[in-house]
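Novice:
Chains as they are written, first to last, in this note's numbering: chain A, 709 to 1116; chain B, 118 to 526.
This is how it looks when you write it as structure tokens:
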């Protein structure tokens, strides 16, 4: 099967998830992603390198499970950019690359002498994509972020929660994942522009800009109707603009077991009421009543769900075309739910030190140029020798000398 | 010229895919939204302009369909089916989220569309993927977020409270991000082929959510452990310290990573002094020790060695004291000036009105002729300086472009 992105080379300084997630996509579709790490700090500018989870409790700088998950199929080299020789090597690599990508705080790459003007001197049509919290322009451009801070600033933390409670926010770095998706889009879009025009450019991606646009119609409700989310209680398991009822997450039998149920219309409500088969449902046949007495409805529905198992409820309601979803735990959606395995969502990759381990795959399939994830993340400096000799034309002796001098 | 200027995208209207079409329109594509004669369901979704319902007044529809042109086709009639096929012959991309039976009935399966237009990139975004019969079930953003993993990780320390799903159709939006990444990848591939180059792209919404849960998936995959939800912070195997703090104005802030470098302790101490709070904070002496620390802190000694524990405890407590004294926005700015990655927890409208986003051009006014009013939309999420993103038209009125598009050869 041909690769969609074969022939593209990425000189990649990204790390964590917000950057590494972007180049993971590119590598899965066949781009050659060469990740640069700092030998002095053993690549720890990416805090995930060497950190848990560990397979079989084996620890070490090459054993980090999250790092492996986000860096499949990339090459890894080390360059000590405090040395002039490493900077020379980097210049050669940039000259041979289509894209330079990074997600440092604003201005870091420039401080090292590799800002956009310097990159363009090395290769005039270079594409440079930076991804930082607030972008390189604007009042907060010097401020620092990571996922939860981006979510807080942009409105996404505030709009997840229950009434009378503090914000629940997101129990993971939603905006590190999503920042990575936007970074991938920015790189691909810039490559398309170069394919058409031959022109490179610097794309200054700001994770908080992207997050702000994810608030949905709440922003127009503000600009058009002047309605503030702040002025009411957030109850985010309910429909944001109250047209569906029931629409909530209900307790089920067992320990911390829950099911989500929603009814779009009277037909779905009637089907749900028939499944429940209790007289109280007759008081809720009109959507106006269901919305008006939603607290009462939720209590009654919860009384029904909490004596039943979530998957029993799920299959019963699915058979009647009522929107339903058991709140699945990781083990359930990965091992029990056949739809994820059938989609090939958890590919096994081979990592030189960790061995065989499953990782997050891609939730898409292309009929002609599908993705592949086979190789785990690179061990520290794993591909330095091959990249320097095969791609950049150094001899083995020169590489030995670089290592001896602390360049690599 | 924008990146996708000249690229034509046919989108069969559906709430699940509307955001993908919008993002591609912002990148310059000519996105043509196909609705049934009575309009797509989302035209009836609140909120409405001035809270008055009407098919041209849904702000939900406006938000997700800005930048597109729109036509109506009655796909139960063969004449309109032919019109759709004619359009597809001129198109670069088809985006749809239809049940598989309807795709068969409309003869829109990829084998057929590809025969008529071998350059067509056909993208299907469905709950579980095109081949999976479950994809034909009724689902909502809530039920997909529950099945797909995000909900399990979000909520409160108190597990007698239900887990939480964030507002804003985040489940659909996540799938749409993958749709846009896929379209751009496929266009790049097609651009390198001399002929043909189209393909079918099958996107599963629940799969997209399954791989957008950070540690919840990979902790299970690597070591078989299960993360548990916590209030306003990362789900974790073992409980971790709180990160949300209520400020003097009752608004919340996320305290991020507490101070851990000497310069951060020094700036925190300065700030405490500026606010006149040093007197009531005897532990300031430990901040001073932190500021004058020689060499890096050995973070693994926190909780073991008294001095380093006192220094780090003082750092966190100083932040709490300041937060109780100043409004959340001042707390955010002050912490950031001290080098700490702290964030104020804004509501969406507070974020939208923030000086930073205004300065970055995130307010885009668009004139709505039928209501004779200008509506400020959020701008594109990113832009290419050499080929700028743009948002130049509001969502189409029902059938607004029938005359100019349906008459096309």
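Glycine is no exception: its CB is placed at the ideal position from the N, C-alpha and C atoms.
By a C-beta neighbour count over all protein chains shown, 10 Å radius and 16 as the cutoff for buried, is residue 796 of chain A buried or exposed?
Specialist: Here the question's residue 796 of chain A lines up with position 88 in the first chain. The residue in question, residue 796 of chain A, is exposed, as its Cβ has fewer than 16 Cβ neighbours within 10 Å.
Novice: Going by C-alpha distance, which of A/1082, A/1103, A/927 is nearest residue 782 of chain A?
Specialist: On the first chain, position 74 is the one that residue 782 of chain A refers to. That would be A/1082, whose Cα lies nearest to the Cα of residue 782 of chain A.
Novice: Please name the residue, chosen from B/369, B/285, B/485, that lies closest to residue 1117 of chain A on a Cα-to-Cα basis.
Specialist: Beyond the ends of chain A as shown, which are 709 and 1116, falls residue 1117 of chain A; an answer cannot be given.
Novice: Go to residue 495 of chain B, then tell me how far its beta strand (DSSP E) extends in each direction, as first and last residue.
Specialist: The residue given as residue 495 of chain B occupies position 378 in the second chain. Following the DSSP letters along the chain, one finds residue 495 of chain B inside the beta strand (DSSP E) bounded by residues 490 to 495.
Novice: Take the Cβ of residue 409 of chain B as the centre, count every other Cβ of all protein chains shown within 10 Å, and call the residue buried at 16 or more, exposed below.
Specialist: For the purposes of this step, residue 409 of chain B is taken as residue 292 along the second chain, with counting starting at 1. Residue 409 of chain B counts as exposed, since fewer than 16 other C-beta atoms from the protein chains shown sit within 10 angstroms of its C-beta.
Novice: Can you name the residues of chain B whose CB is closer than 7 Å to the CB of residue 763 of chain A?
Specialist: For the purposes of this step, residue 763 of chain A is taken as residue 55 along the first chain, with counting starting at 1. The contacting residues are 339, 340.
Novice: Could you tell me the boundaries of the beta strand (DSSP E) in which residue 810 of chain A lies?
Specialist: As a first step, residue 810 of chain A is located in the first chain; it is residue number 102 there, counting from the start. Annotation: the continuous beta strand (DSSP E) that includes residue 810 of chain A extends over 807 to 810.
Novice: With DSSP as the reference, label residue 226 of chain B as helix, strand or coil.
Specialist: Against the second chain, residue 226 of chain B aligns to sequence position 109. Looking at residue 226 of chain B - three-state DSSP - the assignment turns out to be coil, as it is neither helix nor strand.
Novice: Under 7 Å between the Cβ atoms of residue 428 of chain B and residue 449 of chain B?
Specialist: Indexing the second chain from 1 puts residue 428 of chain B at position 311. Indexing the second chain from 1 puts residue 449 of chain B at position 332. Going by C-beta atoms, residue 428 of chain B is not nearer than 7 Å to residue 449 of chain B.
Novice: Are any of the Cβ atoms in chain B nearer than 7 Å to that of residue 816 of chain A?
Specialist: Reading the first chain from its first residue, position 108 is the one you call residue 816 of chain A. With respect to chain B, the C-beta atom of residue 816 of chain A has no partner C-beta closer than 7 Å.
Novice: Mind the definition here: the region 976 to 986 of chain A touches the region 1046 to 1057 of chain A only if three or more C-beta pairs lie below 8 Å; say whether that holds.
Specialist: Between the region 976 to 986 of chain A and the region 1046 to 1057 of chain A, the count of Cβ pairs shorter than 8 Å is below three; the stretches do not touch.
Novice: Can you give me the C-alpha to C-alpha distance between residue 720 of chain A and residue 807 of chain A, rounded to a whole angstrom?
Specialist: For this step, residue 720 of chain A is matched to residue 12 along the first chain. For this step, residue 807 of chain A is matched to residue 99 along the first chain. Roughly 8 Å separates the two Cα atoms.
Novice: Can you find a CB in chain B that lies within less than 7 Å of the CB of residue 851 of chain A?
Specialist: On the first chain, residue 851 of chain A is found 143 positions in, with the first residue counted as 1. Yes, its Cβ sits closer than 7 Å to a Cβ of chain B.
Novice: Just how far apart, CA to CA, sit residue 352 of chain B and residue 880 of chain A?
Specialist: If you number the second chain from 1, residue 352 of chain B lands on position 235. If you number the first chain from 1, residue 880 of chain A lands on position 172. Cα to Cα, the separation comes out at about 6 Å.
Novice: Would you kindly report the start and end of the unbroken beta strand (DSSP E) that includes residue 332 of chain B?
Specialist: Position 215 of the second chain, counted from the first residue, corresponds to residue 332 of chain B. Premise fails: residue 332 of chain B lies in the alpha helix (DSSP H), 332 to 340, not in any beta strand (DSSP E).
Novice: Could you list which residues in chain B have their beta carbon closer than 7 Å to that of residue 874 of chain A, in chain order?
Specialist: Locating residue 874 of chain A in the first chain gives position 166, counting from the first residue. The contacting residues are 348, 349, 361, 369.
Novice: Along chain B, which residues have their Cβ under 8 Å away from the Cβ of residue 1037 of chain A?
Specialist: Residue mapping note: residue 1037 of chain A aligns to position 329 of the first chain, counting from 1. The answer, in chain order, is 269, 343.
Novice: If we count the other Cβ atoms within 10 Å of its Cβ and call it buried at 16 or more, is residue 497 of chain B buried or exposed?
Specialist: As a first step, residue 497 of chain B must be located in the second chain, where it is residue number 380. Burial call: buried.
Novice: Check the DSSP bridge columns for residue 189 of chain B and list the partner residues they point to.
Specialist: Looking up residue 189 of chain B in the second chain gives position 72. Answer by DSSP bridge pairing, in chain order: B/152.
Novice: Kindly indicate which three-state DSSP category residue 726 of chain A falls into: helix, strand or coil?
Specialist: Within the first chain, residue 726 of chain A is the residue found at index 18, counting from 1. Here residue 726 of chain A sits in coil by DSSP.
Novice: From the DSSP output, read off the bridge partner residues of residue 840 of chain A.
Specialist: Stepping through the first chain from its first residue, residue 840 of chain A is reached at position 132. DSSP, once it has assigned bridges, lists A/914 as partnering residue 840 of chain A.
Novice: Under 7 Å between C-beta atoms, does residue 812 of chain A make it to chain B?
Specialist: Here residue 812 of chain A refers to the residue found at position 104 of the first chain. No, its Cβ sits nowhere closer than 7 Å to a Cβ of chain B.
Novice: Do the region 993 to 1013 of chain A and the region 308 to 322 of chain B touch if we need at least three Cβ pairs shorter than 8 Å?
Specialist: no
Novice: Keeping to the same chain, check which residues put their C-beta closer than 7 Å to that of residue 398 of chain B; ignore five residues upstream and five downstream.
Specialist: Stepping through the second chain from its first residue, residue 398 of chain B is reached at position 281. The answer, listed in chain order, is 389, 435, 438.
Novice: Could you list which residues in chain A have their beta carbon closer than 8 Å to that of residue 235 of chain B, in chain order?
Specialist: To locate residue 235 of chain B, count along the second chain from 1; it is residue 118. Chain A residues near residue 235 of chain B: none, gap ~11 Å exceeds 8 Å.
Novice: State buried or exposed for residue 1006 of chain A, treating a residue as buried only when at least 16 other CB atoms are found within 10 Å of its CB.
Specialist: In the first chain, the residue the question calls residue 1006 of chain A occupies position 298. Buried, by the Cβ-count rule.
Novice: For residue 202 of chain B, which residues from the same chain have a beta carbon less than 7 Å from its beta carbon, with the 5 sequence-adjacent residues on both sides left out?
Specialist: Here residue 202 of chain B refers to the residue found at position 85 when the second chain is read from its first residue. Within the same chain, residue 202 of chain B has close Cβ partners 233.
Novice: Cα-Cα, which of A/867, A/730, A/819, A/746 is closest to residue 784 of chain A?
Specialist: Counted from its first residue, the first chain places residue 784 of chain A at position 76. The shortest Cα separation from residue 784 of chain A among A/867, A/730, A/819, A/746 belongs to A/746.
Novice: My output table needs one value for residue 785 of chain A: the three-state DSSP class, helix, strand or coil.
Specialist: As a working note, residue 785 of chain A is residue 77 in the first chain. Reduced to three states, the DSSP call for residue 785 of chain A is strand.
Novice: Whole angstroms is fine: what's the gap from residue 215 of chain B's alpha carbon to residue 258 of chain B's?
Specialist: Sequence index remark: in the second chain, residue 215 of chain B carries index 98 (1-based). Sequence index remark: in the second chain, residue 258 of chain B carries index 141 (1-based). Straight-line Cα distance between these residues: approximately 16 Å.
Novice: Between residue 263 of chain B and residue 1033 of chain A, is the Cβ-Cβ spacing less than 7 Å?
Specialist: Numbered from its first residue, the second chain carries residue 263 of chain B at position 146. Numbered from its first residue, the first chain carries residue 1033 of chain A at position 325. Cβ distance < 7 Å, so residue 263 of chain B and residue 1033 of chain A count as in contact.
Novice: Using 8 Å as the threshold, is the region 319 to 334 of chain B in touch with the region 413 to 431 of chain B, meaning 3 or more CB pairs across them?
Specialist: no
Novice: Threshold first: 4 residues or longer. Then list the alpha helix (DSSP H) segments lying entirely within the region 393 to 462 of chain B, N to C.
Specialist: Listed in chain order, they are 401 to 408, 423 to 442, 445 to 454.
Novice: Give the single residue among B/288, B/237, B/454 whose Cα lies nearest to the Cα of residue 380 of chain B.
Specialist: The residue labelled residue 380 of chain B in the question sits at position 263 within the second chain. The shortest Cα separation from residue 380 of chain B among B/288, B/237, B/454 belongs to B/454.
Novice: For residue 927 of chain A, which residues in chain B fall below 8 Å Cβ to Cβ?
Specialist: In the first chain, the residue the question calls residue 927 of chain A occupies position 219. Under the 8 Å cutoff, chain B gives 180, 465, 466, 469, 494, 495.
Novice: Here's the rule: buried if 16 or more other CB atoms are within 10 angstroms of the residue's CB, otherwise exposed. What is residue 244 of chain B?
Specialist: Taking the first residue of the second chain as position 1, residue 244 of chain B is located at position 127. By the 10 Å Cβ count, residue 244 of chain B comes out buried.
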